[in-house]
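So the sequence lines, in the order shown, correspond to chains A and B. Position 119 of the first sequence, counting from 1, maps to 119 under UniProt numbering, and the rest follow consecutively. Position 101 of the second sequence, counting from 1, maps to 101 under UniProt numbering, and the rest follow consecutively. Virtual Cβ for every residue (Gly too), placed ideally from N, Cα, C. Being a predicted model, the structure only gives us computed values, none of them experimental.
Protein chains: 2
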Amino acid sequence: MNNVKKALEELTLTEKFRQGNVRLNACPSRNVLKDVTSRWGVLVFLTLQQGTHRYSELRHKINGVSEKMLTQTLHALEEDGFVLRTAHPVIPPHVEYSLTESGKEVAVRVEELVNWIEVNINSILTAKDEYAAAHNEAG
Amino acid sequence: MNNVKKALEELTLTEKFRQGNVRLNACPSRNVLKDVTSRWGVLVFLTLQQGTHRYSELRHKINGVSEKMLTQTLHALEEDGFVLRTAHPVIPPHVEYSLTESGKEVAVRVEELVNWIEVNINSILTAKDEYAAAHNEAG
DNA sequence: TAAGGTACCTACCTTTGGGTAAGTGTCGAT
DNA sequence: ATCGACACTTACCCAAAGGTAGGTACCTTA
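As structure tokens, then:
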């Protein structure tokens with residue numbers, strides 16, 4: 001863990017850019033990216049961008065997520081420093097999840113990607129249909 | 001396939017935004033997003049953004065990808081209309097891959113997300129270490 | 001007294017993403 | 001005559017992602 005971090009610090013910013021780190025096999029960016037772009041990670045970012053949510057609220061807003069996966073995803077994002085977990089020591093338990101500052105930075109970028117896809121989903125599906133037609137009937 | 005498209009067309013843009021489509025279970029955006037944010041999909045976008053590449057060039061630039069996965073990823077992105085495959089009918093085969101217009105739109109958004117993570121990877125790893133320290137030794 | 005909400009955890013099982021290795025057909029180089 | 005490059009495909013296998021179901025501890029409501 002720390003070795004990786006120290007090895008990275010020996011590279012200058014420009015070097016890192018030139019090398020295009022993510023394309024390298026065992027780079028740490030790839031692991032973080034995996035958390036962010038995971039099936040449920042994306043949806044957690046989108047939902048938390050709307051504000052603080054309780055666990056059960058997330059579960060209901062994110063259609064189809066299981067408790068296990070939600071817990072796991074939130075934990076991974078908390079570890080990455082993107083999500084802040086605030087537990088109020090009351091009974092029954094009350095836990096709130098929100099985005100940290102860096103979480104918000106990531107969230108806006110995730111949102112822009114997802115938004116583009118959502119806005120253009122019709123033309124994408126049309127392209128898909130045309131592709132299928134060309135390859136099934138004519139191909 | 002077509003049913004999904006037609007069902008979507010019955011929604012207005014604002015309705016789609018309000019509902020936050022991706023959070024719904026069986027929505028087509030989720031499938032497209034899966035292709036884009038897949039392990040190798042992201043790296044294909046980043047690499048093709050630098051320009052047209054041949055199959056073997058992609059294989060060498062994207063460290064760790066297998067032929068099978070590269071083929072599969074390229075095919076999925078081609079079907080989504082993000083990647084253009086141009087086969088020159090010569091022997092030995094010569095095939096070029098490039099981004100379509102919509103592919104470029106997606107690529108810039110993918111790049112912004114990945115870039116942010118790469119630039120901030122050090123502080124992310126630091127946060128990770130602190131989290132681990134707090135939860136292993138003190139927690 | 002039983003049911004349900006709160007935020008989880010654990011064990012078990014299935015699905016799928018992804019890796020490995022071999023094969024394809026044609027050509028040019030050794 | 002054999003090897004390697006090219007752009008794949010196919011079959012087989014494994015590990016990880018993810019789902020299901022049940023349990024926990026405590027409280028409120030019916």
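Here T37/A is near T37/B, since their CB atoms are less than 8 Å apart.
For R39/A, the closest alpha carbon among the candidates S56/B, V32/B, G51/B is that of V32/B. With 16 or more neighbouring CB atoms inside 10 Å of its own CB, H53/B falls in the buried class. With contacts defined by Cβ atoms closer than 8 Å, E118/B and S29/A form a contacting pair. Within chain B, no residue has its beta carbon less than 8 Å from that of I91/A; the closest one is some 21 Å off. Counting only residues of its own chain and dropping the five nearest sequence neighbours on each side, M69/B has a CB closer than 6 Å to the CB of W40.
The straight-line gap separating the alpha-carbon atoms of A76/B and A134/B is approximately 43 Å. Between the alpha carbons of I121/B and D80/B lies a distance of about 31 Å. Here A132/A is not bridged, per DSSP, to any residue.
For V110/B, the uninterrupted alpha helix (DSSP H) run begins and ends at 101-119, by DSSP.
Taking the CA atoms as reference points, S56/A sits about 17 Å from P89/A. Within 10 angstroms of the beta-carbon of V110/A lie 16 or more other beta-carbons, which makes it buried. V114/B and T73/B do not touch by the CB rule: their CB atoms are close to 16 Å apart, not below 8 Å. The shortest CA-to-CA distance from D129/A to any of E78/B, V106/B, R85/B, Q49/B is the one to E78/B. CA-CA distance, S102/A to E96/B, rounds to 38 Å. In summary, A87/B is exposed, with fewer than 16 beta-carbon neighbours lying within 10 Å of its beta-carbon over all protein chains present.
Taken atom to atom, the span from the alpha-carbon of T126/A to that of S66/B is near 30 Å.
V32/B: member of the alpha helix (DSSP H) spanning 28-36, first to last residue.
Here the C-alpha atom of V108/B lies approximately 11 Å from the C-alpha atom of V42/B. Pairing Q49/A with L99/A gives a Cβ-Cβ distance under 8 Å. Looking at the DSSP output, S98/B sits in a beta bridge with L84/B. K128/A has a beta carbon lying within less than 8 Å of a beta carbon in chain B. Around F82/A, the same chain offers L99, T100, S102, G103, V106 as residues with beta carbons nearer than 7 Å, after the five sequence neighbours per side are excluded. Not a single C-beta of chain A is nearer than 8 Å to the C-beta of W40/B. Going by DSSP, Q50/B is part of no alpha helix (DSSP H) at all; its letter is neither H nor E. Around the C-beta of I62/B, 16 or more other C-beta atoms lie within 10 Å, and the residue is accordingly described as buried.
Going by DSSP, S56/B is part of the alpha helix (DSSP H) stretching over 55-61. It is roughly 23 Å from the alpha-carbon of G51/B to the alpha-carbon of Y131/A. P92/B and L58/A have their alpha carbons spaced roughly 54 Å apart.
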